[in-house]
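Shown next, in structure tokens, is the structure this report addresses.
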Amino acid sequence: MRTLFLVIACVSGLAAQEGEPRAPVIAPFGVQHGAASFPGRLAPGGIFVVKGAYLGPNELVTADAPYPTELAGSQLELRSDVSGEVFSVPLLHAWMFQLGGIVPLDFPPGPGQVTAIYQGRRSEPEAVMVAESAGAVFSLSQQGSGRAVAQNWESPESTPLNQFTRPARPGQTIILWATGLNNADGARKVRVALTGRSGQPSVSRWFDTTGFAFLELTPFYAGPAPGLPGVDQVNVTLPTEGLPEGCFVDVSLSVDNAGLGSTTIAIASGDGPCVHPWGLSESQLRNLDEGGQVRVASLSLVDTEFPSASSGGAEPRVLALAQTELVTADAAGGSYSSITPVFPNNIIPASRYVACGGFFAAIGGIIGGPYEPLPQPPPPDQPSREFADAGSALELLGPDGQRLSMPLQAEGGPYAPAQTYGSEDALEPGAFTPGPWTLLAPGGEDIEAFEGTIQVPPIPVVTPPERIRRGEDLQVSWDGQGFAEDVLVRVAVMVNGPAPGELPRPEGTFCYAAGSAGQVTIPKEVLAQLPASTDGFAELGVTVQSSAEFSSPALAHGSGAFQASRSMQVPID
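According to our numbering, the stretch in the sequence shown is residues 11 to 583, in order.
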């Protein structure tokens, strides 16, 4: 028996719009891969969605195979920039805010344009790229990440959904449901990659592969799912040894060495459930599998100082915030990476770690436009996280006797101090002195009394250089005393580079080093690649980040994170 858990859209009704019918509008980056939610990357035979407004009827309308090219007055056209041919798209569903379709199998790979049509009115075209293949696994969250739509093959009559309490076992076959393979003839090189801790709770981490298991497996079938147009089925047998284990083992597809994103599956070598990074019990995991929730606490401390644009960088702007989220999370919202702040100190002992990242760009301003505000779809019917009550106010105790009250800010909102940025009694930079900070909760309707402690590291004090020279290495130093082994410091250099339009485009690079090392060097070869600065200055930023976990009988999981940043304007050649 085979069961496919595939949800294309989760919607509710919407009142009819007043006035004359409007032409359809495709949202910026609104054409997305049906599984990976990646904008603009499609494949022949693959499912994709178009998001925007005025795309179809007020109520969701779905179609059955064979799928029509017109549904409830809605149509999609795909024009090939390679051949100039226009293709009508088979539609899976139509709704005011979203259309779902399948790229025609004979669409030539290359650039193209999508146009939405509703009741004869046409949208502006949106550019897309149709690759020969763009395979990705569907996720239960419908967001392109999180738990995969996967089944464990136990027998022809039993293929249960891969869950925390029904994980895959070594030697077992799993069935992954995907789209975009374009592999009907079986000629493409399809691989399934599994990544995670070997024999330990598995979760995505940054940079380091020490202690990880990485497996690239060849499925014995990867192609169209019988009777399900647009859907691909990937059957792969797990090896008996060397498997990563845990509730969140990364799984990704590659087709001819190219892939889109990743999802997760549960794997366990024993007879019981998977091992969750939070240490959840079997009953808690079963509760999540059955749609229940667990209680989670997350404390965030932020201490930031950066130059003020209005003062030309002469007077710093400051921001010091404390916030606690108490939530009940289901299996989607309770994933390790969605709650726990994953900072670089989670990767590897910092004393063994020094590395520089590539260039990054902060894209701001208006993309295209100007745009008229569009009506928005209603929220999903089942939120994965809901705020919980642990009393009218929490208290944060510092190592030097500080006592900070954190009342509930609003019904259903986070706990935070009354002091906020811009108020007369705002928290000052350096308010979070190094040492242990303890969160005390008195208990409320949803969560009983609990406490948790995190360790705040020192904030690096840096003397800025007189000038950054692209032809010389940039060495940034601080006092390395008092840093735990697992705390990293990031040093970034950003400039406002030229960009089309009126707004400059910030671009930069960064390097990490152990806080205890007391210094980091950005090579001149990296600095030489920075774009020309529009104002002759660069922003030098130094950030320290740390995170910790704490436990309490009242909670399934508790976590805390601290981040402190100091930025300064420095002339650059």
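We treat Cβ as the ideally placed atom computed from N, Cα and C, and that holds for glycine.
Nothing here was measured: the structure is a model prediction, and the numbers come from that model.
Quick one, are the C-beta atoms of residue i and residue j less than 8 Å apart?
| i | j | result |
| --- | --- | --- |
| residue 40 | residue 134 | no |
| residue 100 | residue 83 | no |
| residue 486 | residue 539 | no |
| residue 470 | residue 499 | yes |
| residue 270 | residue 51 | yes |
| residue 549 | residue 573 | no |
| residue 46 | residue 154 | yes |
| residue 255 | residue 285 | yes |
| residue 126 | residue 88 | no |
| residue 310 | residue 494 | no |
| residue 337 | residue 263 | no |
| residue 443 | residue 410 | yes |
| residue 414 | residue 542 | no |
| residue 233 | residue 194 | yes |
| residue 145 | residue 203 | no |
| residue 295 | residue 175 | yes |
| residue 474 | residue 484 | no |
| residue 418 | residue 403 | yes |
| residue 583 | residue 479 | yes |
| residue 396 | residue 450 | no |
| residue 334 | residue 307 | yes |
Mapping DSSP to helix, strand and coil, what is residue i?
| i | result |
| --- | --- |
| residue 535 | helix |
| residue 296 | helix |
| residue 527 | helix |
| residue 575 | strand |
| residue 48 | coil |
| residue 566 | coil |
| residue 581 | strand |
| residue 84 | strand |
| residue 320 | Interpretation of residue 320 is limited by its pLDDT of 40, a score under 50 that renders its predicted location unreliable; the figure taken from the coordinates is listed afterwards. In this structure, residue 320 counts as helix in the three-state DSSP scheme. |
| residue 181 | coil |
| residue 10 | The structure shown has nothing for residue 10, since the chain only spans 11 to 583. |
| residue 245 | strand |
| residue 236 | coil |
| residue 313 | strand |
| residue 43 | strand |
| residue 77 | coil |
| residue 559 | strand |
| residue 396 | strand |
| residue 204 | strand |
| residue 191 | coil |
| residue 403 | strand |
| residue 89 | strand |
| residue 38 | strand |
| residue 547 | strand |
| residue 427 | coil |
| residue 540 | coil |
| residue 99 | coil |
| residue 333 | strand |
| residue 64 | coil |
| residue 305 | strand |
| residue 70 | coil |
| residue 584 | A question about residue 584 goes unanswered here, because the residues of the chain that appear run from 11 up to 583. |
| residue 228 | coil |
Which whole-angstrom value describes the C-beta separation of residue i and residue j, a residue pair presumed to lie in contact below a C-beta threshold of 8 Å?
| i | j | result |
| --- | --- | --- |
| residue 141 | residue 197 | Not quite, the Cβ-Cβ distance comes to about 15 Å (not below 8 Å), so this is no contact. |
| residue 464 | residue 558 | 4 Å |
| residue 71 | residue 103 | 7 Å |
| residue 55 | residue 113 | 6 Å |
| residue 186 | residue 158 | 6 Å |
| residue 516 | residue 547 | Contact doesn't hold; Cβ gap of about 12 Å is too wide. |
Cβ of residue i within 7 Å of any heavy atom in the ligand HEM?
| i | result |
| --- | --- |
| residue 479 | The model depicted lacks the ligand HEM and carries no ligand whatsoever. |
Residue ranges of each alpha helix (DSSP H) run of no fewer than 4 residues wholly in the segment 105 to 175, ordered along the chain?
none
When the Cβ atoms of the segment 547 to 564 are set against those of the segment 456 to 475, are three or more pairs found closer than 8 Å?
yes
For the segment 174 to 193 against the segment 278 to 287, are there 3 or more C-beta pairs whose distance is under 8 Å?
yes
When you compare the segment 516 to 533 with the segment 283 to 303, are there three or more beta-carbon pairs, one atom per stretch, that lie closer than 8 Å?
no
For the segment 62 to 71 against the segment 244 to 264, are there 3 or more C-beta pairs whose distance is under 8 Å?
no
Which complete beta strand (DSSP E) runs does the segment 453 to 520 hold, if anything under 3 residues is left out?
460 to 466, 484 to 487, 498 to 507
Any beta strand (DSSP E) of 3 or more consecutive residues that is wholly inside the segment 246 to 289
256 to 265, 273 to 277
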